[in-house]
Structure formats: structure tokens, C-alpha cells
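Trainee: Mapping the sequence shown onto this note's numbering, position 123 (from 1) lands on 1482, and the numbers just tick up by one.
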Amino acid sequence: MATPHINAEIGEIAPAVIMPGDPRRAQRIAELLMDDARQVTDVRGILGFTGTVDGKPLTVMASGMGMPSAVIYATELYQFYDVQRIIRVGTAGGIPEDVKVGDVVVATGAHTQSNMNQFRLPGLFFSAVSSHNLVAAALAAAGEAESQVHAGMILCNDHFYLQGPPGQLDLLAKYRVLAVEMESAGIYGAAAEFGREALTVLTVSDHLLDYNQNMSAEDRETRFQGALRLAVAAALS
Ligand code: HPA
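#1: Evaluate PHE1408 with the Cβ neighbour count: other Cβ atoms within 10 Å of its Cβ, from every protein chain shown; 16 or more gives buried, anything less gives exposed.
#2: Give me the Cα-Cα distance between HIS1566 and MET1360, rounded to the nearest whole angstrom.
#3: Based on the DSSP output, what are the partners of ARG1447 in its beta bridges?
#4: Apply the 10 Å Cβ neighbour rule to PHE1519 and answer buried if 16 or more other Cβ atoms are within range, or exposed otherwise.
#5: Measuring CA to CA, which of PRO1455, ALA1538, PHE1583 and ILE1546 is closest to ASP1529?
#6: Does the beta-carbon of SER1564, which I'm using as the reference point, lie nearer than 7 Å to any heavy atom of the ligand HPA?
#7: Going by CA-CA distance only, name the one from PRO1379, SER1473 and VAL1536 that's closest to VAL1464.
#8: Quick one: Cα of SER1506 to Cα of ARG1582, how far?
#9: When the Cα of LEU1670 is compared with those of PRO1427, ASN1516, GLY1545 and MET1574, which residue comes out closest?
#10: For VAL1488, which residues from the same chain have a beta carbon less than 7 Å from its beta carbon, with the 5 sequence-adjacent residues on both sides left out?
#11: Mark ASP1462 as exposed unless 16 or more other C-beta atoms lie within 10 angstroms of its C-beta, in which case mark it buried.
#12: Cβ-heavy atom distance between PHE1519 and the ligand HPA below 7 Å?
#13: Rounded C-beta distance between PRO1374 and VAL1442? I'm assuming under 8 Å.
#14: Between LEU1417, PHE1439, PRO1382 and TYR1432, which has its C-alpha nearest ILE1369's C-alpha?
#15: I'd like to check one pair, VAL1412 with LEU1367: are the Cβ atoms closer than 8 Å?
#16: For LYS1533, tell me which candidate among ILE1513, ALA1544 and ALA1551 has the shortest Cα-Cα distance.
#17: By alpha-carbon positions, which one of ASP1401, GLU1542, ALA1385 and GLU1435 ends up nearest to THR1559?
#18: Return yes when the C-beta of VAL1591 is under 7 Å from any heavy atom of the ligand HPA, and no when it is not.
#19: State yes or no: is the C-beta of VAL1563 within less than 8 Å of the C-beta of GLY1453?
#20: Apart from the five residues on each side of it in sequence, which residues of its chain come closer than 8 Å, Cβ to Cβ, to LYS1459?
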């Protein structure tokens, strides 16, 4: 049986899912991590691969960009495929000065201006938080990380290009909002709905205060693999 957006059979998706945004990155991660990966879903080009890492089953499946896309996949994975934990890996824009391009951010929670979680607890502002156990497992693996690793809140934005109100960036830095991306608040909300776990591990790919901070392609890949190592440690913990 398939779902509207995933054509894997039940049982073909592992209890732990690593979730990058980009389908081709999903394929590269699967090839990097597993010798026995096989493609299990391809609806709308959102590729998913299942195999084993250190003898443990793992699926790598893309989310697409933005909360609406990510929440469709997270919901179907938790609800129909009995997925227990989703670990998003992705890139983000750094916000405070000390969060540098190339650093890794473990997102303990996500502020958002999106309405996607406002339907969950009518009358309340839902707090989108990650699984404590997964945060602990990711940070335990951060010991010999080649990048600086930060743990804390992020901003999950609906807009990539539209700026927030004047002064928002300074306030975000003041409140120690470490980075901005576009999927985590949605995935954390879906995890809460189904009583499952979620975590996001980000590589800072650019900086909102300084667009001249750039990583070489080689650096980008190395740093990304550092973040991926933390994500895999959490997924298999
Ligand atoms: N916003 C801003 N910068 C970024 C993002 C984002 O969502 N993702 C990566 N860099």
C-alpha cells in the first residue's frame, strides 16, 4: 500500500529517517552511508532510499522545501509507515555574529511566523521543540566535530526572500535565535501530533549579517558531512 505522496510499501521504510530537503542530496547521502541502499519511493521526484548503517536499518528521504512540503512527508511517514524518528539535515542562514558559516546548529526548538501549528492546540501558541533524547545523542557525537557546534533555538521562516519587519534581525540575535531555515517547526509539530521524535541538524551555509561569508564547494561538502555524522548518531541512538 502506498500513500498519496510516498509509493514505498509498508515495511520498506526504516523506523529512523534522515531527511534532507534536496532529493539528489538524499541519494548522495544514501550512497555515502550505505552499501545496500535501494530506492523505495520516487513520487514527484522526492526520492527515498532504505539500507543499513552498522547493521541498523535507516531510510534517507527528501522533504522538498518549506513546511507545507516537509509536513506532508513527515505526517505520512509517522502515520502510515510507523516511523519513530525523523532527523532533518539541511542548511541555514546564521543570525548571531558568533554563529559562523560552516558551523553546525542542533535545533532544540523553532520559532515561526507560520500558521501551520496554530491549528494544533486551538487558543494556544504551540511550541515547536525537538526530542531531548535526539539532541543529547547528536551532542554526544559532537565531541570530535571539525566544526563549531551550537545547540539552541532557530527561526523557521515561510519566506526565503521577504525580509521581516525592521529591527527583527537584531532582536533575533539578541534572543539567541541561531539560524534561519524553512522546515523544522512543521516537522516538530508533526512529531508532537504522533508522539514521535524529531530533530534538525543544520550546516550554516550563509550569514544574514554578512552575505560575503562564503564557503568553497569542498568546504561545504566537508562541513555538511560533519553535520550528517551528528544526525546519523542521533538517528541510530
Ligand atoms: N533563509 C535564509 N538563509 C538561508 C536559508 C533560509 O531559509 N537556508 C539557508 N540559508
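Even glycine gets a Cβ: it sits at the ideal position worked out from N, Cα and C.
Mentor: According to the structure data:
#1: buried
#2: A direct Cα-to-Cα measurement between HIS1566 and MET1360 gives close to 43 Å.
#3: Checking the DSSP bridge columns, you'll see ARG1447 partnered with MET1378 and THR1559.
#4: exposed
#5: PRO1455
#6: yes
#7: VAL1536
#8: 7 Å
#9: It is not possible to answer for residue 1670, since the shown part of the chain is limited to 1360 through 1596.
#10: THR1467, GLY1468 and TYR1547.
#11: ASP1462 should be labelled buried.
#12: yes
#13: Between VAL1442 and PRO1374 the Cβ distance is about 6 Å, and since that is below 8 Å, they are a contact.
#14: PHE1439
#15: A small fix is needed here, since residue 1367 is Ala in this sequence, not Leu. Result no, Cβ atoms of ALA1367 and VAL1412 do not sit closer than 8 Å.
#16: ILE1513
#17: GLU1542
#18: No - the ligand HPA has no heavy atom lying nearer than 7 Å to the Cβ of VAL1591.
#19: yes
#20: GLY1453, GLN1507, VAL1563, HIS1566 and GLN1572
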